[in-house]
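In what follows, a structure is listed as structure tokens, so that the remarks can point back to it.
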Amino acid sequence: MEDSNYYTDQRIRDHIVNDKHMKGIPGIVSPVQDQRMAYWKNLKYGMIIHWGLYSQIGGVWNGEPVKDGYSEQIQMWANIPESEYVNVAKSFTGEYFDPDEICLLAKEAGMNYIIMTSKHHDGFCMFDTDTTDYNVVKQTLYGKDPLKLLSEACRRHGLEFGVYFSLVDWHQGHLFDVDNNNLIPSSIEGVIKKQLKELMTNYGPICEIWFDMSSPTPDQSQEFIRIVREYQPEAVINSRVWNNMGDFRTLGDNEVPSVNIEGAWQTPASVYQETWGYRKWQTRDYLDEKVKELLKGFVGGGNYLLNIGPRGDGSVVEFEAEVLRQVGQWIRRHPFILEASETQFDQHPWGQIKIHNNKLYLIVTRRPENRILLHGLLANVSDVVEEGTTNGMIWHQEGDTLSIMLPSVLTEPVLPVIEVQLNQCIEVFPKKTVILEEGQQQLTTNDLYQGYGYRDQGNYNSMHQTVVRDTAYLLGIQRGNVFVELFGNAALDKTYCIQWGETFYTIKGKELNSFQIGPLKIKENVVTPFTVRLAKSSFAGEPLDFSFELANLYFKKDNY
Numbered sequence: 302m303e304d305s306n307y308y309t310d311q312r313i314r315d316h317i318v319n320d321k322h323m324k325g326i327p328g329i330v331s332p333v334q335d336q337r338m339a340y341w342k343n344l345k346y347g348m349i350i351h352w353g354l355y356s357q358i359g360g361v362w363n364g365e366p367v368k369d370g371y372s373e374q375i376q377m378w379a380n381i382p383e384s385e386y387v388n389v390a391k392s393f394t395g396e397y398f399d400p401d402e403i404c405l406l407a408k409e410a411g412m413n414y415i416i417m418t419s420k421h422h423d424g425f426c427m428f429d430t431d432t433t434d435y436n437v438v439k440q441t442l443y444g445k446d447p448l449k450l451l452s453e454a455c456r457r458h459g460l461e462f463g464v465y466f467s468l469v470d471w472h473q474g475h476l477f478d479v480d481n482n483n484l485i486p487s488s489i490e491g492v493i494k495k496q497l498k499e500l501m502t503n504y505g506p507i508c509e510i511w512f513d514m515s516s517p518t519p520d521q522s523q524e525f526i527r528i529v530r531e532y533q534p535e536a537v538i539n540s541r542v543w544n545n546m547g548d549f550r551t552l553g554d555n556e557v558p559s560v561n562i563e564g565a566w567q568t569p570a571s572v573y574q575e576t577w578g579y580r581k582w583q584t585r586d587y588l589d590e591k592v593k594e595l596l597k598g599f600v601g602g603g604n605y606l607l608n609i610g611p612r613g614d615g616s617v618v619e620f621e622a623e624v625l626r627q628v629g630q631w632i633r634r635h636p637f638i639l640e641a642s643e644t645q646f647d648q649h650p651w652g653q654i655k656i657h658n659n660k661l662y663l664i665v666t667r668r669p670e671n672r673i674l675l676h677g678l679l680a681n682v683s684d685v686v687e688e689g690t691t692n693g694m695i696w697h698q699e700g701d702t703l704s705i706m707l708p709s710v711l712t713e714p715v716l717p718v719i720e721v722q723l724n725q726c727i728e729v730f731p732k733k734t735v736i737l738e739e740g741q742q743q744l745t746t747n748d749l750y751q752g753y754g755y756r757d758q759g760n761y762n763s764m765h766q767t768v769v770r771d772t773a774y775l776l777g778i779q780r781g782n783v784f785v786e787l788f789g790n791a792a793l794d795k796t797y798c799i800q801w802g803e804t805f806y807t808i809k810g811k812e813l814n815s816f817q818i819g820p821l822k823i824k825e826n827v828v829t830p831f832t833v834r835l836a837k838s839s840f841a842g843e844p845l846d847f848s849f850e851l852a853n854l855y856f857k858k859d860n861y
């Protein structure tokens, strides 16, 4: 088999090839157990709409394009006085805003829910509110509540509905801040709470509330969550309520992670990364490349929320609509993507690996020249075809490696998908698996897999990636017992969980800096995980705060 250098320890390759009874780790990422979060995760793909007075301005002020910042924040970037900004409302007709048409577009795109901006940082409310006359009903020629109309259309078309809500409000008194990290004084907090109650009680069931920006205190974040929970207990709340609260982590704008993110997360994506609100002078070209770019983000795991920015008259930009339609066409050609699960395979340079109904789906985001190699597969393959066709492919399986020859032309023109039929439940052999030696050996940081999350200190700019788990995988070629000495620097005030296979230990951080366990049973030809994580996290991305140095392993095989 080619590519024999995939494993750093050649003995692993030889052992897998020669032993047909190897047991790896479960191949499927465990599903979310919480029913509310499981429902949200299954929505997978939705639309977010940025529509407001800024859409009428379209990124141009006093006849000049404003090239700094997002166009939905043009009031700040062009330093527009509110007296001039609100005058835009006089020409805001919204005559082509068609909620049914938008819902049909979302369904054609393969989406399951729609979120709309109820209020952006400008504080101009795109819903009917008693808190201020600074809203679409009172100030514009349109004179209707688009949020109400869209929520009703979503129900007609079988889509879930949610709302975006900015915690920054320039109309209520926040000063322009390029980072949008304004504190929330009591006067603005009061308005926020009233508006949240209106949004949670006047628009039917809410599947998701998407908070954005500002720097609330922990008490304020908790109070905003309380209001949502009181009136919409099934709604899922994003992490931009800040202070490490909410139900899932919203990543950075257009961020697609390259590492394993644990827990529930979402990528907010825009058709053009330069803006979310409509921009008249935006370059719109290379449609095929744009579709492929967005699909790569969509198949990357997590939930995916893709934006459109209608014009001030409410019409959807034709280029954006066509992008969504073509994404939807790909999804209809490959409907497994809406139900497939993530897998435990190591990253492969050619693309993504999903599983559904005992079939692996290899999504080719970077086509190799001649063939695809899938490593770490401990399950017998019965057939390989180009997904969505009956086109059989030439393949060969040896040990844990599946080699698939690629034809010069594949039927799928955007992101090809290869379907691999398995004969048994999938197990995976991790690339960094370490063979247990008789006597003493060491694990180093190079032997570790890490799980990642995110934390924040109360605003967007303080959000950063964290390590939440360290795992090593060990293979005993023979049965025996092992003692482990673990060395590292742990947080003294935290409690950790050490997992060895099915055995768990709970230990204080002050004891983890030099920790001994054993004897631990080793099964023959079974990959055993050795994991350090927090015994109980206060939030999903809480840092492990453990700096692994090394682990000494003392292995003695059974004599039988």
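Residues in the sequence shown are numbered consecutively from 302, following my numbering. Here a beta-carbon is modelled for each residue, glycine too, at the ideal position from N, C-alpha and C.
Boundaries (first-last residue) of the beta strand (DSSP E) holding residue i
{"i": "Asp429", "result": "Per DSSP, Asp429 belongs to no beta strand (DSSP E) and is neither H nor E."}
{"i": "Phe831", "result": "Val827 to Leu835"}
{"i": "Glu461", "result": "Glu461 to Ser467"}
{"i": "Pro569", "result": "Trp566 to Ser571"}
{"i": "Lys420", "result": "Tyr414 to Lys420"}
{"i": "Leu821", "result": "Ser815 to Ile823"}
{"i": "Ile510", "result": "Glu509 to Asp513"}
{"i": "Cys798", "result": "Thr796 to Trp801"}
{"i": "Asp401", "result": "Note, Asp401: premise wrong, no beta strand (DSSP E); alpha helix (DSSP H) at Pro400 to Glu409."}
{"i": "Lys858", "result": "Phe847 to Lys858"}
{"i": "Glu786", "result": "Gly781 to Ala791"}
{"i": "Tyr397", "result": "Looking at the DSSP string, Tyr397 is not in any beta strand (DSSP E), and its letter there is neither H nor E."}
For residue i, the first and last residue of its enclosing alpha helix (DSSP H)
{"i": "Asn343", "result": "Gln336 to Leu344"}
{"i": "Trp806", "result": "Here residue 806 turns out to be Tyr, not Trp, going by the sequence shown. That residue, Tyr806, is in no alpha helix (DSSP H); its beta strand (DSSP E) goes Thr804 to Lys809."}
{"i": "Tyr532", "result": "Pro519 to Tyr532"}
{"i": "Thr441", "result": "That residue, Thr441, is in no alpha helix (DSSP H); it is neither H nor E in DSSP."}
{"i": "Tyr386", "result": "Glu383 to Tyr386"}
{"i": "Tyr605", "result": "Not the alpha helix (DSSP H): Tyr605 falls in the beta strand (DSSP E), residues Asn604 to Ile609."}
{"i": "Thr502", "result": "Ser487 to Thr502"}
{"i": "Glu621", "result": "Glu619 to Arg634"}
{"i": "Pro447", "result": "Pro447 to Arg457"}
Exposure of residue i, with buried meaning 16 or more beta-carbon neighbours within 10 Å
{"i": "Gln496", "result": "buried"}
{"i": "Ala791", "result": "buried"}
{"i": "Met706", "result": "exposed"}
{"i": "Phe805", "result": "exposed"}
{"i": "Tyr346", "result": "buried"}
{"i": "His765", "result": "exposed"}
{"i": "Cys508", "result": "buried"}
{"i": "Ile695", "result": "exposed"}
{"i": "Arg527", "result": "exposed"}
{"i": "Asp520", "result": "exposed"}
{"i": "Pro569", "result": "buried"}
{"i": "Ala339", "result": "exposed"}
{"i": "Glu720", "result": "buried"}
{"i": "Arg550", "result": "buried"}
{"i": "Val391", "result": "At residue 391 the sequence reads Lys, which differs from the Val that was named. Burial call: exposed."}
{"i": "Phe856", "result": "buried"}
Nearest residue (CA-CA) to residue i, options the options
{"i": "Asp748", "options": "Arg667, Thr832 and Val617", "result": "Thr832"}
{"i": "Ile313", "options": "Pro708, Asn826, Gln817 and Met427", "result": "Asn826"}
{"i": "Arg834", "options": "Phe856, Ile632, Gly810 and Lys857", "result": "Gly810"}
{"i": "Arg634", "options": "Asn503, Tyr806 and Glu713", "result": "Glu713"}
{"i": "Leu776", "options": "Trp801, Arg770 and Tyr797", "result": "Trp801"}
{"i": "Ile349", "options": "Ile609, Arg780, Asp513 and Lys597", "result": "Ile609"}
{"i": "Val768", "options": "Leu744, Glu728, Ile695 and Asp846", "result": "Asp846"}
{"i": "Leu716", "options": "Thr702, Tyr662 and Leu476", "result": "Tyr662"}
{"i": "Val718", "options": "Glu640, Phe849 and Glu687", "result": "Glu687"}
{"i": "Gln334", "options": "Val464, Asn343 and Ser467", "result": "Asn343"}
{"i": "Leu787", "options": "Glu803, Ile808 and Ile778", "result": "Ile808"}
{"i": "Glu524", "options": "Val492, Leu552 and Thr551", "result": "Val492"}
{"i": "Asp554", "options": "Ala536, Leu679 and Tyr573", "result": "Tyr573"}
{"i": "Leu450", "options": "Asp399, Asn760, Ile375 and Leu484", "result": "Asp399"}
{"i": "Thr702", "options": "Gly693, Thr690, Thr691 and Gly677", "result": "Gly677"}
Cβ-heavy atom distance, residue i to the ligand NAP, below 7 Å
{"i": "Gly842", "result": "With respect to the ligand NAP, the structure offers nothing, as it holds no ligand at all."}
Can at least three beta-carbon pairs, one atom from the region 653-664 and one from the region 428-440, be found at a separation below 8 Å?
-> no
If you pair each beta-carbon of the region 385-396 with each one of the region 441-451, do three or more pairs fall below 8 Å? yes
- Message: Quick check on the DSSP output: what are the complete beta strand (DSSP E) runs of length 3 or more inside the region 656-696, in order along the chain?
- Response: 660-665, 672-675 and 682-687
Complete beta strand (DSSP E) runs within the region 545-602 (minimum length 3 residues, chain order): 566-571
* Which runs of the beta strand (DSSP E) spanning at least 3 residues fall entirely within the region 695-774, listed in chain order? -> 696-699, 702-706, 718-723, 740-744 and 750-756
query: Can we say the region 455-474 touches the region 420-427, given the rule of at least three CB pairs closer than 8 Å?
result: yes
* the region 626-644 contacting the region 595-610, beta-carbon criterion three pairs below 8 Å -> yes
Count the CB pairs spanning the region 398-418 and the region 502-516 that are closer than 8 Å, and state whether there are at least three.
yes
### Task
Please determine if the region 555-564 and the region 578-587 are in contact, where contact requires at least 3 C-beta pairs separated by less than 8 Å.
no
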